[in-house]
Every structure is written in structure tokens, then in C-alpha cells.
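Engineer: Take a look at the following structure, please.
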Amino acid sequence: MRIDVVSIFPEYLAALDLSLIGKARRQGLLELSVADLREYTTDRHRTVDDTPYGGGAGMVMKPEPWAQALEDVLARGPAAEGQRPVLVVPSPAGEVFTQAVARELAGREHLVFACGRYEGIDERVVDWARERFEVRPTSLGDYVLNGGEVAVLAMVEAIGRLVPGVIGNPESLVEESHADGLLEYPVYTKPAVWRDRPVPEVLLSGHHGRVARWRRDLQLRRTAARRPDLVAALDPAALDRADRAV
Ligand code: ADE
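Take the sequence shown: its position 153, counting from 1, is numbered 153 in my numbering, and each next residue is one higher.
Here's what the structure looks like:
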């Protein structure tokens with residue numbers, strides 16, 4: 001998979017050199033490059049923003065540096081074979097990023113992330129880009145960040161770890177939160193008693209069936225308590241079937 005990020009703060013993305021994503025890059029599983037939007041300006045001050053038409057607070061990102069940067073990304077990207085690259089535009093006004101979106105994007109060949117700052121990017125860039133990319137305005141959640149960079153760190157990590165080969169043991173992707181629409185069960189390690197608190201007895205029983213039943217119950221209880229919206233979104237018949245299989 002190829003990932004391009006365009007930002008006025010390329011240093012923000014340095015964390016993508018670390019840990020599993022950094023290792024995947026070194027192994028050639030992920031090809032990731034970060035471009036500085038200011039490289040695509042033409043004035044002496046390398047201006048990327050201007051005042052908003054119609055008035056209002058803050059500044060808006062000018063369209064032309066974005067078009068230049070994205071054209072360059074397209075020119076250097078893999079030759080499109082039917083699939084257009086996906087342009088993810090992080091924004092609190094986007095669709096919410098979920099594990100399902102991460103899974104979908106992990107199957108794509110070329111992802112481009114356009115990090116906006118200030119009040120956002122001139123909307124005409126999005127219209128223009130729709131002719132060249134599959135454009136996905138995407139929000140991490142219902143709160144406002146100062147720019148797209150932190151959102152990109154989160155999204156690239158969530159997507160990258162789903163790319164085959166990036167996580168050493170793919171089994172660990174099966175039982176984690178959101179894999180089946182529920183939250184993860186609680187986990188414990190040694191010692192069996194810590195500061196007078198014992199590990200739940202069933203986990204020491206060696207009885208796989210009982211452990212699986214206990215974990216499933218905890219997943220359901222925890223999800224109902226913390227995220228009733230997730231339980232409501234599940235198909236009751238599928239939930240029943242999954243429960244009978246435990
Ligand atoms: N940029 C600013 N706020 C954001 C959010 N909540 N999600 C994604 N990008 C953002």
C-alpha cells in the first residue's frame with residue numbers, strides 16, 4: 001500500500017517512523033511519504049492561507065497550493081489500474097472514522113491524506129479533487145482538533161495495522177475491540193493475586209469453554225454499559241447466533 005500525506009507540519013508525522021508502522025515501512029509493506037504543502041507555493045512568504053469570503057473568524061487554506069501538491073502526488077503514485085486513489089480529508093465535518101472504515105481503506109492501493117489547518121481548505125479543492133480521487137471527508141469524532149495531522153496519525157495506525165503482514169500474529173486482530181461490533185473483554189496477567197485482588201477464578205480453570213463464555217458475557221455487559229449505541233446497531237439474529245456458538 002502507498003500512503004501520501006500533505007501537511008504544512010510534516011514533522012508532526014515523524015511518529016510514523018516508530019513502532020509497528022515504522023517497521024512495516026522498513027519492510028516495504030507500507031510505502032509512506034509526507035510532503036510539505038509550502039513547497040507548492042509560489043510567493044516569497046510561502047503563503048498557504050487567506051481571509052474567508054463572506055467574512056468570519058480565522059483563515060482558509062488557498063486552493064492552488066493544494067492542487068499543485070495533489071497533482072504531484074498523483075504523478076508520483078502507482079499507475080491507476082481502475083481504482084482511483086482515495087483522498088482522505090480529515091475534518092470534524094466528515095463521516096466518522098470507524099473500524100469498518102479502517103478495514104475498507106486497508107484494502108486500497110493508494111491513500112492520500114490532506115491535512116487542513118485553520119478553518120479548513122477552500123471547498124473548491126474538494127470539488128476539483130472528486131474528478132481525480134475518491135474523496136472522503138473523515139472525522140475522528142465529535143470534537144475539534146487544531147488540524148488534520150493528529151487525526152492522520154490515528155487513521156494511518158488503525159489502517160496500517162490491518163494491512164496483511166504488519167501485525168506479526170493476525171490472531172490478535174480477531175479478538176480486539178470492534179472486531180465483532182463489541183468492546184473487548186478485560187484481560188489479566190501474572191501474578192494471580194495482586195495487592196489483594198485475585199484474577200477471576202474462571203481464567204485459572206483451564207476450561208476453554210467456560211473461559212470463552214465468561215469473556216463473551218463480559219464483552220456484552222461492558223458494551224451495553226459503555227456503548228449502548230454499539231449494541232443497538234447490531235443485528236439481534238447475528239448476535240444470537242454468535243452467542244450460541246460460544
Ligand atoms: N480536524 C479537526 N478536527 C478533526 C476531527 N475531529 N477529526 C478529524 N480531523 C479533524
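Using N, Cα and C, we set each Cβ at its ideal position, and we do this for glycine too.
Is the distance from the Cβ of V6 to the Cβ of A75 below 7 Å?
Structural biologist: Your numbering for residue 6 matches position 6 in the sequence shown. Your numbering for residue 75 matches position 75 in the sequence shown. Result no, Cβ atoms of V6 and A75 do not sit closer than 7 Å.
Engineer: Measuring alpha carbon to alpha carbon, tell me which residue in S91, L220, V60, A192 is nearest T138.
Structural biologist: Taking the sequence shown and counting its residues from 1, the one referred to as residue 138 is at position 138. Of the candidates S91, L220, V60, A192, the one whose C-alpha sits nearest the C-alpha of T138 is S91.
Engineer: Could you check if R117 is buried or exposed, using at least 16 other CB atoms within 10 Å of its CB as the buried criterion?
Structural biologist: Locating residue 117 in the sequence shown gives position 117, counting from the first residue. Buried.
Engineer: Check whether the stretch 185-200 and the stretch 225-241 touch, using three or more Cβ-Cβ pairs below 8 Å as the test.
Structural biologist: No, the stretch 185-200 does not touch the stretch 225-241.
Engineer: Under a Cβ-count criterion, where at least 16 other Cβ atoms within 10 Å of its own Cβ denotes burial, should V96 be classed as buried or exposed?
Structural biologist: Sequence index remark: in the sequence shown, residue 96 carries index 96 (1-based). Looking at its Cβ environment, which holds fewer than 16 other Cβ atoms inside 10 Å, V96 is exposed.
Engineer: Would you grab the beta carbon distance between I121 and M59 for me? Rounded to a whole angstrom, and I think it's under 8 Å.
Structural biologist: Reading the sequence shown from its first residue, position 121 is the one you call residue 121. Reading the sequence shown from its first residue, position 59 is the one you call residue 59. The pair is not a contact, with the Cβ atoms about 11 Å apart (cut-off 8 Å).
Engineer: What is the DSSP secondary structure of S33, reduced to helix, strand or coil?
Structural biologist: Residue numbering aside, residue 33 sits at position 33 when the sequence shown is read from its first letter. S33: strand per DSSP, three-state reduction.
Engineer: Just the Cα atoms here: how many angstroms apart are E11 and S33?
Structural biologist: Counting from 1 along the sequence shown, the entry for residue 11 is found at position 11. Counting from 1 along the sequence shown, the entry for residue 33 is found at position 33. Their backbone Cα atoms lie some 12 Å apart in a straight line.
Engineer: Are the beta-carbon atoms of L162 and A151 separated by less than 7 Å?
Structural biologist: As a first step, residue 162 must be located in the sequence shown, where it is residue number 162. As a first step, residue 151 must be located in the sequence shown, where it is residue number 151. Cβ distance not < 7 Å, so L162 and A151 don't count as in contact.
Engineer: Using CA atoms only, rank isn't needed, just tell me which of L29, G56, A35, G94 is closest to A14.
Structural biologist: For the purposes of this step, residue 14 is identified with residue 14 of the sequence shown, where counting begins at 1. Looking at the Cα atoms, A35 is the closest of the given residues.
Engineer: Can you give me the Cβ contacts of L145 inside the same chain, cut-off strictly under 7 Å, excluding the 5 residues immediately before and after it?
Structural biologist: If you number the sequence shown from 1, residue 145 lands on position 145. A151, listed in sequence order.
Engineer: Given this structure, state the Cα-to-Cα distance separating A67 from R241, to the nearest angstrom.
Structural biologist: Numbered from 1 along the sequence shown, position 67 holds the residue referred to as residue 67. Numbered from 1 along the sequence shown, position 241 holds the residue referred to as residue 241. Each residue's Cα considered, the two are about 50 Å apart.
Engineer: If H45 sits next to G77, beta carbons under 8 Å apart, how far is it from one beta carbon to the other, in whole angstroms?
Structural biologist: Position 45 of the sequence shown, counted from the start, is the residue given in the question as residue 45. Position 77 of the sequence shown, counted from the start, is the residue given in the question as residue 77. The pair is not a contact, with the Cβ atoms about 29 Å apart (cut-off 8 Å).
Engineer: What are the start and end residues of the alpha helix (DSSP H) that includes L111?
Structural biologist: On the sequence shown, residue 111 is found 111 positions in, with the first residue counted as 1. Run containing L111: none in the alpha helix (DSSP H); it sits in the beta strand (DSSP E), 110-114.
Engineer: Tell me which same chain residues have a C-beta within less than 7 Å of the C-beta of D49, skipping the five on either side of it?
Structural biologist: By one-based count along the sequence shown, residue 49 stands at place 49. Only M59, V60, M61, K62, Y118 meet the Cβ criterion.
Engineer: Kindly indicate the opening and closing residues of the beta strand (DSSP E) around V6.
Structural biologist: Within the sequence shown, residue 6 is the residue found at index 6, counting from 1. Here the beta strand (DSSP E) through V6 covers 2-7.
Engineer: Which value, in whole angstroms, describes the spacing of the CA atoms of V166 and E157?
Structural biologist: Position 166 of the sequence shown, counting from 1, holds the residue named residue 166. Position 157 of the sequence shown, counting from 1, holds the residue named residue 157. Spanning the two alpha carbons is a distance of roughly 10 Å.
Engineer: DSSP on T223, reduced to helix/strand/coil?
Structural biologist: The count along the sequence shown starts at 1 and reaches residue 223 at position 223. Helix.
Engineer: With DSSP as the reference, identify every bridge partner of M61, one or two as the case may be.
Structural biologist: Indexing the sequence shown from 1 puts residue 61 at position 61. In the DSSP output, where bridge partners are listed per residue, M61 has D49, I121.
Engineer: Kindly say whether R215, judged by its beta-carbon, lies nearer than 7 Å to any beta-carbon of chain B.
Structural biologist: Among the chains in the structure shown there is no chain B, since it carries only a single protein chain.
Engineer: Let's see if you can read the secondary structure: which residues bound the beta strand (DSSP E) around R136?
Structural biologist: What you label residue 136 is simply residue 136 of the sequence shown in a count that begins at 1. Looking at the DSSP string, the run of the beta strand (DSSP E) that includes R136 is 134-139.
Engineer: Check the C-beta distance from A129 over to L70 and give it rounded, since I have them as a contact under 8 Å.
Structural biologist: Counting from 1 along the sequence shown, the entry for residue 129 is found at position 129. Counting from 1 along the sequence shown, the entry for residue 70 is found at position 70. Contact flag correct, Cβ pair sits at about 6 Å.
Engineer: Under the criterion of a Cβ to heavy atom distance below 6 Å, does V144 qualify as lining ligand 1?
Structural biologist: Counting from one through the sequence shown, the residue named residue 144 turns up at place 144. Correct: V144 has its Cβ closer than 6 Å to ligand 1.
Engineer: Under 7 Å, do Y199 and Y188 count as touching if we go by C-beta distance?
Structural biologist: In the sequence shown, residue 199 corresponds to position 199, counting from 1. In the sequence shown, residue 188 corresponds to position 188, counting from 1. Note on identity: in this sequence residue 199 is Val, with Tyr being the wrong assignment. Closer than 7 Å, so yes.
Engineer: Kindly give me the distance between the Cβ atoms of I159 and A102, rounded to whole angstroms, as I take these residues to be in contact under 8 Å.
Structural biologist: Within the sequence shown, the letter at position 159 stands for residue 159. Within the sequence shown, the letter at position 102 stands for residue 102. Right, their Cβ atoms sit about 5 Å apart.
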